Amino acid sequence: MADKPMSVDELKGFLIENGIEFSPYSQEQINETKEKLGGMPKLLEEYYLKIGWFSDISDQGCGCHIDALEDIYIMSAEEIQEDYEAENETNDYLVFGREAVSVDEFAVRTADFSFDDPELYIFGDSTFEEARE
């Protein structure tokens, strides 16, 4: 049986309990980023509003983290085709997180922004190597 996913509020409580400082973004900052990117999943927007950025995990060099709002970006289907030799890719993705040493990045399809729980995709060196084997 799978563990129940942690909500943004539960994660925020965990950070507070463990004395981890975090910096939420304002709705204005999020709206500016959404306009620039063409949107954002509702869950990710909630994360940025309630938690934002905290550096403890990435500073330690272990684990995974969600990027700072100013670092998220759209990876186009053309870039994916070129970088990962994915000839049939037709979707653009919002890249919003990574594992600590940036070998892999986490993304959602821009076409799925309106979904409550969009599917998570992983791009990077480890997945590229696995696909080639």
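Number 69 in the working numbering belongs to position 69 of the sequence shown; there are no gaps in the numbering. Note that the Cβ used here is the ideal one computed from N, Cα and C, for glycine as well. Keep in mind the model is a prediction, meaning the values are calculated, not measured.
From the options, residue whose alpha carbon lies closest to that of residue i
i	options	result
Phe123	Met75, Glu46, Ser114, Thr90	Met75
Asp116	Lys12, Phe22, Gly38, Lys42	Lys42
Val95	Gln81, Ala111, Asp71	Asp71
Range of the contiguous beta strand (DSSP E) that encloses residue i
i	result
Gly96	Checking the displayed sequence, the identity of residue 96 turns out to be Phe instead of Gly. Here the beta strand (DSSP E) through Phe96 covers 93 to 99.
Tyr73	73 to 75
Val108	104 to 109
8 Å Cβ cutoff met for residue i and residue j
i	j	result
Val103	Leu120	no
Glu89	Ala77	yes
Phe22	Ile51	yes
Continuous alpha helix (DSSP H) stretch holding residue i: start and end
i	result
Phe123	Phe123 -> not in any alpha helix (DSSP H); beta strand (DSSP E) instead, spanning 121 to 124.
Gly13	8 to 17
Strand pairing of residue i, partner residues [DSSP]
i	result
Ser23	Trp53
Ile66	Gly97
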